[in-house]
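Undergrad:
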Ligand code: PFF
Ligand code: NA
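Numbering (my numbering), first residue to last: 535 to 969.
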C-alpha cells in the first residue's frame, strides 16, 4: 500500500476538518431549513443534536480513521471488522450523491458572484434565481465548480487540501463577521433577531419531536459526519492527540459560523419584508440578492459575500471528493490524477438532473441528508458503541488528558441516546421520502 501522506501540521488537520464542516450547509442550508422549521425553536433542537448526537458520531469516525490509517472502506477490515465495510460503501455513495448536487449549488454561487459584479440581479432577485438555478448555464457552472474542486484534490493532501484550508478558513470567518456587523445595521435587524434567537417555550415543547428529523439531517450534514470524511481525515493523523478536543473545536467553529450566517440572513429577511419559510430552497439566495440590490454598497458587499461562500463550499466539496478518491486510489492503485478525473466525471453526470430541475435537487437532498447520512450515522453509532467499544475507548483515550469517565460516557451516549434518536428520525424521514 506504500506510505500514506500525513498532515504537515497539527493546525493543518484542524483547519481542513473545519474547512470540510463549514460550507453551503452553514450559509445556504441552515438558514432556509431554520426558516422553514420555525426559527428559534429549531435552533435550540439543532444545537442539542449537534453537540450530543453529531459530535459523538464524529469522534467514532476519527477513532476509526486514526487507528486504521485507511480509506473509508478498507478502514473496517484494517481494524478487524470487515463485516462493517458497508458503512464505508454507504458513506461513499452518500458522498457521491451529496457532491453531485452540492456542486450545482456551488455553481449558483459562482453565478451570483458575476451577478453581483454586473448587477444582473438588480431587476428581480426572484427571476435571477430562476435563471441561475436551472438550465444549461446551471450545468456549465456546476462543471466549473467541480473542476475547481478536482484541481485541489488532484494536488494531494499536503499541497492541496491543507494549503487551501489554511488560506480559506480564516478569510471566511473574517468576512462573515464583517457581514454580520453590516446586517445589524439593517432596519429589520431587531425583528430578525427575535424570530431567530428567542425560542418560545410552548412551541419548543409541542414541536420538538416534529423538528427533530430535519434538525438531525442538518446536524450531520453540517458536521460532515456520516459520510466518512472524518474517517479519511483522521486517517492522515500521525501522532497521538486529543481527538475529543479536536472534535470539540471543529464543532464549535462550525456552529459559530452557522449561527453567524443566521445573524446575517435573518435581519436581511425582515429588512426585505420576506416571511421566513416562504422562499424554500432558494430563500437564502433570493433574499440576500434582494438586499444587496437595495442597500447602499450592496453590490460590493454581495460580491464579497458570494466569494466567501464559494471558498467555503470548495473546502467542503474537496473533503467529499477526497473520500471517494482515496478509496479509489487505495483499492485500485491507480494514480491520483486518474482517480480524480474518473470520479468527477461520474459526479457531474449523476448531478445533471438537479441542474435542470429544482425538484430533483430537493429529492437528492432529502435522500442524501435525511436518509443516507442518518443511516451512516446510526451504523457508526451501533458499531462504535456496541461492537468496537473496547478498542474505541483505547484509541480515544490516547492523547486525552481529561478524566477517565469521559471515554465511557462517550460510549454510553452512543449506545443509547444516539441510537434511539437516530432510529426514530430515520424512521420518520423514510416515511416522509416514501410519501
Ligand atoms: N459540512 C458541509 C457543509 O456544511 O456545507 C457539507 C458536507 C461536507 C456534507 C462533507 C457531508 C460531507 F461529507
Ligand atoms: Na457545516
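Don't be surprised by glycine CBs; every beta carbon is placed ideally from N, CA and C.
What would DSSP say about residue 563, mapped onto helix, strand or coil?
TA: In this structure, residue 563 counts as helix in the three-state DSSP scheme.
Undergrad: Which of helix, strand or coil does DSSP assign to residue 812?
TA: Coil, per DSSP.
Undergrad: Nearest-angstrom Cα distance between residue 967 and residue 601?
TA: Between residue 967 and residue 601, the C-alpha separation is close to 36 Å.
Undergrad: In whole angstroms, what is the alpha-carbon distance linking residue 955 and residue 658?
TA: If you take the alpha carbons of residue 955 and residue 658, they lie about 43 Å apart.
Undergrad: Mind checking residue 563: buried by the 16 CB within 10 Å criterion, or exposed?
TA: Classification of residue 563: buried, given that the 10 Å Cβ count is 16 or more.
Undergrad: Express the C-alpha separation of residue 752 and residue 801 in angstroms, rounding to a whole number.
TA: If I take the Cα positions, the gap works out to 22 Å.
Undergrad: Any chance you could list the alpha helix (DSSP H) runs of at least 4 consecutive residues sitting entirely within the stretch 736-823, in chain order?
TA: Correct list: 763-769, 777-805.
Undergrad: Straight-line CA distance for residue 677 to residue 671?
TA: When rounded, the distance between both Cα atoms is 10 Å.
Undergrad: Using the Cβ count rule (16 or more neighbours within 10 Å means buried), how would you classify residue 944?
TA: Residue 944 is buried by the Cβ-count criterion.
Undergrad: What number of angstroms, rounded off, separates the C-alpha of residue 609 from the C-alpha of residue 619?
TA: C-alpha separation (whole angstroms): 8 Å.
Undergrad: Relative to the alpha-carbon of residue 895, which residue among 575, 636, 596 has its alpha-carbon at the smallest distance?
TA: Here the closest residue by C-alpha is 636.
Undergrad: To the nearest angstrom, how far is the alpha carbon of residue 583 from that of residue 628?
TA: So the two alpha carbons sit approximately 20 Å from each other.
Undergrad: Quick check: is any heavy atom of the ligand PFF less than 7 Å from the C-beta of residue 629?
TA: Yes, the ligand PFF has a heavy atom inside 7 Å of this Cβ.
Undergrad: Compute the minimum distance between the beta carbon of residue 575 and the heavy atoms of the ligand PFF, and state whether it is under 7 Å.
TA: No.
Undergrad: Regarding residue 560 and the ligand NA, is the C-beta to nearest heavy atom distance less than 7 Å?
TA: Indeed, a heavy atom of the ligand NA lies less than 7 Å from the Cβ.
Undergrad: With DSSP run on the structure shown, which of helix, strand or coil describes residue 591?
TA: Here residue 591 sits in helix by DSSP.
Undergrad: With DSSP collapsed to three states, give me the class of residue 869.
TA: Reduced to three states, the DSSP call for residue 869 is coil.
Undergrad: Express the C-alpha separation of residue 594 and residue 930 in angstroms, rounding to a whole number.
TA: Cα-Cα distance, rounded: 9 Å.
Undergrad: Put residue 829 into one of helix, strand or coil per three-state DSSP.
TA: Residue state, collapsed to three classes: coil.
Undergrad: With hydrogens ignored, establish whether the beta-carbon of residue 818 is closer than 7 Å to any heavy atom of the ligand NA.
TA: Not so, every heavy atom of the ligand NA lies at least 7 Å from the Cβ.
Undergrad: Which residue comes first and which comes last in the alpha helix (DSSP H) that contains residue 901?
TA: Unbroken run through residue 901: none, as it is neither H nor E.
Undergrad: With 16 as the cutoff for other CB atoms within 10 Å, does residue 535 come out buried or exposed?
TA: Low per-residue confidence applies at residue 535: pLDDT is 38, beneath 50, and the placement is therefore not dependable enough to give any value.
Undergrad: Hey, how far is the Cα of residue 613 from the Cα of residue 624?
TA: Approximately 18 Å, taken between the alpha carbons.
Undergrad: So for residue 644, helix, strand or coil by DSSP?
TA: The answer is helix: DSSP assigns residue 644 an H, G or I state.
Undergrad: With 16 as the cutoff for other CB atoms within 10 Å, does residue 899 come out buried or exposed?
TA: So residue 899 counts as buried.
Undergrad: Would you mind sorting residue 928 into buried or exposed? The rule is 16 or more other CB atoms within 10 Å of its CB.
TA: The residue in question, residue 928, is exposed, as its Cβ has fewer than 16 Cβ neighbours within 10 Å.
Undergrad: Verify whether the separation of the beta carbon atoms of residue 798 and residue 714 is less than 8 Å.
TA: Contact: yes.
Undergrad: Hey, is residue 899 close to the ligand NA, as in C-beta under 7 Å from one of its heavy atoms?
TA: Answer for residue 899: no, Cβ out of range of the ligand NA.
Undergrad: Would you say residue 668 and residue 884 are within 8 Å of each other, going by their C-beta atoms?
TA: No, the Cβ-Cβ distance between residue 668 and residue 884 is not below 8 Å.
Undergrad: So, helix, strand or coil for residue 936, using DSSP?
TA: In the structure shown, residue 936 sits in coil (DSSP, three-state: anything other than H, G, I, E or B).
Undergrad: Three-state secondary structure (DSSP) at residue 962?
TA: Three-state result, residue 962: helix.
Undergrad: Answer yes or no: the CB of residue 557 versus the heavy atoms of the ligand NA, is any distance below 7 Å?
TA: Yes, since a heavy atom of the ligand NA falls inside the 7 Å radius drawn around the Cβ of residue 557.
Undergrad: Smallest Cα separation from residue 770: which of 585, 569, 597?
TA: Of 585, 569, 597, the residue nearest in Cα terms is 597.
Undergrad: Please list, in chain order, all residues of the same chain as residue 926 whose beta carbon is under 6 Å from its beta carbon, the five residues on each side excluded.
TA: Counting only Cβ-Cβ distances below 6 Å, and skipping sequence neighbours, we find 597, 918.
Undergrad: Assign residue 622 to one of two classes, buried (16 or more other C-beta atoms within 10 Å of its C-beta) or exposed (fewer than that).
TA: Residue 622 should be labelled buried.
Undergrad: For residue 578, which of 965, 745, 842 has the nearest alpha-carbon?
TA: Residue 745 is the option with its Cα nearest to residue 578.
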